[in-house]
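Number of protein chains: 2
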Amino acid sequence: MAGADMPDLGIGALARRTGCKVETIRYYERIGILPEPPRNSGGQRRYHAWHLKRLNFVRRARDLGFTLEDVRGLLRLVDEQGHGCDEVRTMALGHLEAVRARLADLKAMEAVLGEMVARCEGGNVPDCPIIDALYREPA
Amino acid sequence: MAGADMPDLGIGALARRTGCKVETIRYYERIGILPEPPRNSGGQRRYHAWHLKRLNFVRRARDLGFTLEDVRGLLRLVDEQGHGCDEVRTMALGHLEAVRARLADLKAMEAVLGEMVARCEGGNVPDCPIIDALYREPA
DNA sequence: CTTGAACCTGTAGTTACTACAGGTCCTATA
DNA sequence: TATAGGACCTGTAGTAACTACAGGTTCAAG
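So the protein lines, in turn, are chains A and B. Start counting the first sequence at -8; every next residue gets the next number (the working numbering). Start counting the second sequence at -8; every next residue gets the next number (the working numbering).
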């Protein structure tokens, strides 16, 4: 029996519960990622559990590196009842490949940087091996 | 005896030799990364070997993931004669750490994505395990 | 001399937010 | 009930690092 049943949330409370910033939530609404919530008599946004769930979905997908366009696609698939699991899988696989490519890039960068720094251990030589390395091998 | 002595280069030739786009070169000039070259009688930019060397330096540093601000700092150090090798080393080390942190992030992403996709292998279940995974664990 | 590629400037678009400015509303306390 | 101050509102502009035009000039080859 933690939170009783939750009537509705202001934008700040939603932000706290999802880890998004308030401005980000309004931004998602503006670009159509999060639907416009109802407003109270004073014109302020009131969110329900549904919005919380959806925003958490968005945030998790973003954390995993999906672009907002990807997220838009995933949400579309989620919203079609009986969504095609293979479409979702295809998107996730494509993204996984992109992540792996980026990983390979970063590993190469790490190797070059690591070697540059290691060669420099010596200290204060007049012609720095790091600068030299940057001038050499334009890839 | 490859290229004889090279008198000067138009912006397009410089672009071809460095792998930068023409617009990028003009952009670097605008923001002060690449100094303004002399112009010919018609007002077009003429580059020399020095610019080629400097732009290659910039490009290589960018390829290694240094920001333009980093590059600005590196160039400043390069231009001070008797530059401090330890300053350069500190920058490179800092950057190496950033790269390693990003690598760790990406590896975590890869693991989660990989597992999501693997659980989905089965095919066309009505409630997709990937979507489920995105709804679960808001991290 | 003509044509078409290369070049010029200046501005706006991209991604995914973030940060104001200048106001209105809500709520708790005195 | 008055009021203080936090939460909220809209709209715009800024960030990084380019990229992509539009609407013109210049260059070089034939």
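The beta carbon of each residue, even a glycine, is placed where N, CA and C say it ideally should be.
Three-state class that DSSP yields for residue i in the structure shown
i, result
"LEU25 (chain A)", "coil"
"ARG30 (chain B)", "strand"
"LEU55 (chain A)", "coil"
"LYS44 (chain B)", "helix"
"LEU5 (chain B)", "helix"
"CYS76 (chain A)", "helix"
"ILE122 (chain A)", "helix"
"ARG91 (chain B)", "helix"
"GLY105 (chain A)", "helix"
"GLY85 (chain B)", "helix"
"ARG127 (chain A)", "coil"
"GLU71 (chain B)", "coil"
"LYS98 (chain B)", "helix"
"CYS111 (chain B)", "helix"
Sequence-distant residues of its chain with Cβ nearer than 7 Å to residue i (five each side left out)
i, result
"GLY10 (chain A)", "ARG50"
"LYS12 (chain B)", "ALA6"
"PRO29 (chain A)", "ARG37"
"GLU78 (chain A)", "LEU68"
"HIS42 (chain B)", "LEU5, LEU25 and PRO28"
When the options are compared against residue i, the one with the closest alpha-carbon
i, options, result
"ASP54 (chain B)", "A:PRO28, A:LYS98, A:GLY85 and A:CYS119", "A:LYS98"
"GLY33 (chain A)", "A:ALA6, A:GLY1, A:ALA92 and A:VAL103", "A:GLY1"
"LEU5 (chain A)", "A:ILE24, A:GLY23, A:ILE22 and A:LYS44", "A:LYS44"
"LEU84 (chain A)", "B:VAL108, B:ALA95 and B:ARG17", "B:VAL108"
"VAL90 (chain A)", "B:ALA89, B:GLY105, B:ILE16 and B:LEU25", "B:GLY105"
"VAL103 (chain A)", "A:ILE22, A:GLN35 and A:ARG127", "A:ARG127"
"ILE22 (chain B)", "B:ARG63, B:ASP96 and B:ASP118", "B:ARG63"
"ASP118 (chain A)", "B:ASP96, B:ARG80 and B:GLN35", "B:ARG80"
Residue i vs residue j beta-carbon contact at 8 Å
i, j, result
"MET82 (chain B)", "GLY56 (chain A)", "no"
"GLU14 (chain A)", "GLU20 (chain A)", "no"
"HIS86 (chain A)", "ASP123 (chain A)", "no"
"ALA52 (chain B)", "LEU68 (chain B)", "no"
"PHE48 (chain A)", "LEU125 (chain B)", "yes"
"ASP70 (chain A)", "HIS39 (chain A)", "no"
"LEU94 (chain B)", "LEU94 (chain A)", "yes"
DSSP beta-bridge partners of residue i
i, result
"LEU66 (chain B)", "Answer is none; LEU66 (chain B) lacks a bridge partner."
"ARG36 (chain A)", "A:ARG30"
"ASP0 (chain A)", "Contrary to the premise, residue 0 (chain A) reads as Leu rather than Asp in this sequence. Beta-bridge pairing links LEU0 (chain A) to A:TYR38."
Sequence-distant residues of its chain with Cβ nearer than 6 Å to residue i (five each side left out)
i, result
"PRO180 (chain A)", "No answer is possible for residue 180 (chain A): the residues shown for chain A start at -8 and end at 130."
"ASN31 (chain A)", "ARG37"
Residues near residue i by beta carbon distance below 8 Å, same chain, minus five either side
i, result
"GLY75 (chain B)", "LEU68"
"ALA17 (chain B)", "The displayed chain sequence assigns Arg, not Ala, to residue 17 (chain B). Correct list, in chain order: ILE2."
"GLN35 (chain B)", "GLY1 and ILE2"
"GLU88 (chain B)", "none"
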